[in-house]
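Be aware that the sequence shown starts at 2, since it is given in our numbering, and climbs by one per residue.
Note that beta-carbon positions come from the ideal geometry of N, C-alpha and C, so glycine has one too.
Note that the structure is a prediction, hence the values are computed from the model and not measured.
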Amino acid sequence: LGLAGAGLGAVAASAPVFHDVDELTSLGSNVNRYPWYVKEREFKNPTVEIDWNVLSRQNANNFKSHAKPTPADYDAAGVVGRYMYDLETPAEALILYDYCEKEFPGWDKGWGGSGDVRTTALDNACKFMMMGMWPGDMYQGGKRINVRNAIIAAGGTGSYSSFLGPQCFSIRPQDVGASRWQGTLEENYKTVRNAFRFLGAQDVGCAEIDSDTVKFFHRAKGGASGMFAGQGDAGGKQVAFKDIDVPYETGDEYAIPNKCKYIITFTARQSFEGTRRQAGITEGFAVWYSYARYIKMMCHMQEFIRGLGYDCLNMSGLCFSNPLSAITGLGEHGRMSSPTIHPKNGTTNRANGWAFLTDMPIAPTKPIDFGAYKFCETCGICADSCPFGIIQKGPSTWENPDAAGNGLAQGQFRGWRTDNVKCPHCPTCQGTCPFNSTSESFIHDMVKVTTTNLPMFNGFFANMERFMEYGRKPQWEFWDIEQPTYGFDTTA
2 LGLAGAGLGA VAASAPVFHD VDELTSLGSN VNRYPWYVKE REFKNPTVEI DWNVLSRQNA
62 NNFKSHAKPT PADYDAAGVV GRYMYDLETP AEALILYDYC EKEFPGWDKG WGGSGDVRTT
122 ALDNACKFMM MGMWPGDMYQ GGKRINVRNA IIAAGGTGSY SSFLGPQCFS IRPQDVGASR
182 WQGTLEENYK TVRNAFRFLG AQDVGCAEID SDTVKFFHRA KGGASGMFAG QGDAGGKQVA
242 FKDIDVPYET GDEYAIPNKC KYIITFTARQ SFEGTRRQAG ITEGFAVWYS YARYIKMMCH
302 MQEFIRGLGY DCLNMSGLCF SNPLSAITGL GEHGRMSSPT IHPKNGTTNR ANGWAFLTDM
362 PIAPTKPIDF GAYKFCETCG ICADSCPFGI IQKGPSTWEN PDAAGNGLAQ GQFRGWRTDN
422 VKCPHCPTCQ GTCPFNSTSE SFIHDMVKVT TTNLPMFNGF FANMERFMEY GRKPQWEFWD
482 IEQPTYGFDT TA
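Here it is in structure tokens:
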């Protein structure tokens, strides 16, 4: 009773007291309701060190690309599900089979190479409209038609995700003689955050474009639009900031008005239990369903902000998401380099740092520090688990020549760089991060508090994680767990 009373007294003493309406609507700190041990840092000062003077705008970074193996290639190598995946070569698929069979004795690779028939069925079900891709052949009116080809023939692209947004149902107030929404910076942030959360996102970050932060947006991208723009080169599709009033897109340019200087980022949850139970050739249903849901959610957000009377440009695929996530306070840069580490969900997030640009003025959010970057210095579990050894090992560095081929900046930030051009998007690393946890994990909460305040214990906790084998779990156990709605615990 004494401890409880002391605890209640401490809570009461720390509870905010508001004196007027202006104070109530001010943004304040910890706008994303992070745990108490998460600290805020100054703007443009994330835990990963950035040399802003050396940093420059890059072309789009490269991902794995190779000639698609033929069915005969897969058959010759003994790879099942030969028509399903083309991110890995037959030789890489065999490496992944062997890895999973050793990690989980008795694992059934099934007919598709990524698990038993239930897992494969859910994998394929979650691929419907994944990444906003229009379906190829599908049934409509009792007939099988190719929606994708019809849209492309009409001048569209392979995805409903686009730079300018769908602009289907959103009528701008000014187009009908009404006034657009006018709010303070803080009111606008809260408005956007509430809309994001209603639509399924978790946290929202914001920043303003200046001579430094603009460097996280690509100079050039390949053809197509939005998420499906290809690799960048000097002659590719230009990402151009211009003194214009209306944004536009052509075959060779994304034109961005300079007034669209407000960056909006967000986090989108991914099933923790599904992520740690991925196995086989490639990522599974936890990833595919996230890509199916959140691309659609982004279109809703573009329609919403347009309906308020402002432009909202989808910059995902046209920017580096990891640094944008770090500077807007959605997480910390970590060893995997691509996924940002979130204080509550670790790497079980999708779309962490995907970005919009808007001319709607919005309050910025600060970078955060909960000890993840420091923990990565001595951990390395994800790098040790990588079947292909492409996650950078050792301490953070300003350069990693082994990853130079992927286009990530060398000498411009002190961190880690995964060699993405060799990554077949296997299902391993994401499920190993010690910062992945559930709301029921008291031990992990205690460890997170300790890593934030007492980093000298980081090595001990990393070794304890290895010993306890907390990370990846047998795939088949997923079907015995009561699944929360959408696959993740919203109390976490």
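{"Query": "N- and C-terminal bounds of the beta strand (DSSP E) containing residue 313", "Result": "313-315"}
{"Query": "Residue 132 (DSSP reduced to helix, strand or coil)", "Result": "helix"}
{"Query": "Length of the line joining the Cα atoms of residue 226 and residue 133", "Result": "Note that residue 226 has pLDDT 43, beneath the 50 cutoff, so the model's placement of it is unreliable and the number below is only indicative. The alpha-carbon atoms of residue 226 and residue 133 are separated by roughly 12 angstroms."}
{"Query": "Burial state of residue 55, where buried means 16 or more other Cβ atoms lie within 10 Å", "Result": "exposed"}
{"Query": "Closest residue to residue 364 among 118, 329 and 100 (Cα-Cα distance)", "Result": "329"}
{"Query": "Residue 207 in three-state terms, based on DSSP", "Result": "strand"}
{"Query": "Reduced DSSP secondary structure (H/G/I, E/B, other) of residue 302", "Result": "helix"}
{"Query": "Residue burial classification, residue 283 (beta-carbon count within 10 angstroms, cutoff 16)", "Result": "buried"}
{"Query": "Exposure of residue 183, with buried meaning 16 or more beta-carbon neighbours within 10 Å", "Result": "exposed"}
{"Query": "Limits of the unbroken alpha helix (DSSP H) element including residue 99", "Result": "91-104"}
{"Query": "Residue 413, buried or exposed, once every other Cβ within 10 Å from all chains shown has been counted against 16", "Result": "buried"}
{"Query": "Residue 190 classed as buried or exposed, judged by whether at least 16 other C-beta atoms fall within 10 angstroms", "Result": "buried"}
{"Query": "Helix, strand or coil at residue 155 according to DSSP, with G and I counted as helix", "Result": "coil"}
{"Query": "DSSP state of residue 421 mapped onto helix, strand, coil", "Result": "helix"}
{"Query": "Beta-carbon gap between residue 42 and residue 297 smaller than 8 angstroms", "Result": "no"}
{"Query": "The stretch 254-262 in contact with the stretch 100-108 per 3-pair CB rule at 8 angstroms", "Result": "no"}
{"Query": "Three-state secondary structure (DSSP) of residue 43", "Result": "coil"}
{"Query": "Simplified DSSP assignment, three categories, for residue 482", "Result": "coil"}
{"Query": "Length at least 3, wholly inside the stretch 243-271: the beta strand (DSSP E) runs in chain order", "Result": "249-251, 254-258 and 263-267"}
{"Query": "Start-to-end residues for the beta strand (DSSP E) that takes in residue 126", "Result": "No beta strand (DSSP E) contains residue 126, which is instead part of the alpha helix (DSSP H) from 118-127."}
{"Query": "Spatially closest choice to residue 437 from 362, 483 and 341, by CA coordinates", "Result": "341"}
{"Query": "Pairwise C-alpha distance: residue 163 and residue 507", "Result": "As displayed, the chain neither begins before 2 nor continues past 493, which places residue 507 out of reach and without an answer."}
{"Query": "Rounded separation between residue 392 and residue 418 - CA only", "Result": "7 angstroms"}
{"Query": "Inter-residue Cα distance where the pair is residue 172 and residue 474", "Result": "48 angstroms"}
{"Query": "Nearest residue (CA-CA) to residue 382, options 80, 430, 484 and 197", "Result": "430"}
{"Query": "Three-way DSSP call (helix, strand, coil) for residue 213 in this model", "Result": "coil"}
{"Query": "Between the CA atoms of residue 432 and residue 348 - distance to the nearest angstrom", "Result": "8 angstroms"}
{"Query": "Beta-carbon proximity check, residue 421 vs residue 401, cutoff 8 angstroms", "Result": "no"}
{"Query": "Three-state secondary structure (DSSP) of residue 197", "Result": "helix"}
{"Query": "Where residue 4 falls, given that 16 or more other Cβ within 10 Å makes a residue buried", "Result": "The predicted position of residue 4 is uncertain, since its pLDDT is 29 and thus under 50; a value taken from the coordinates is nonetheless stated next. Exposed: under 16 other Cβ atoms inside 10 Å."}
{"Query": "Burial state of residue 484 (16 or more Cβ within 10 Å)", "Result": "exposed"}
{"Query": "Run of the beta strand (DSSP E) containing residue 359, from where it starts to where it stops", "Result": "356-359"}
{"Query": "Backbone secondary structure at residue 489 - three-state DSSP", "Result": "coil"}
{"Query": "Which of helix, strand or coil DSSP assigns to residue 140", "Result": "strand"}
{"Query": "Coil, strand or helix - residue 147 by DSSP", "Result": "strand"}
{"Query": "Start-to-end residues for the alpha helix (DSSP H) that takes in residue 323", "Result": "322-328"}
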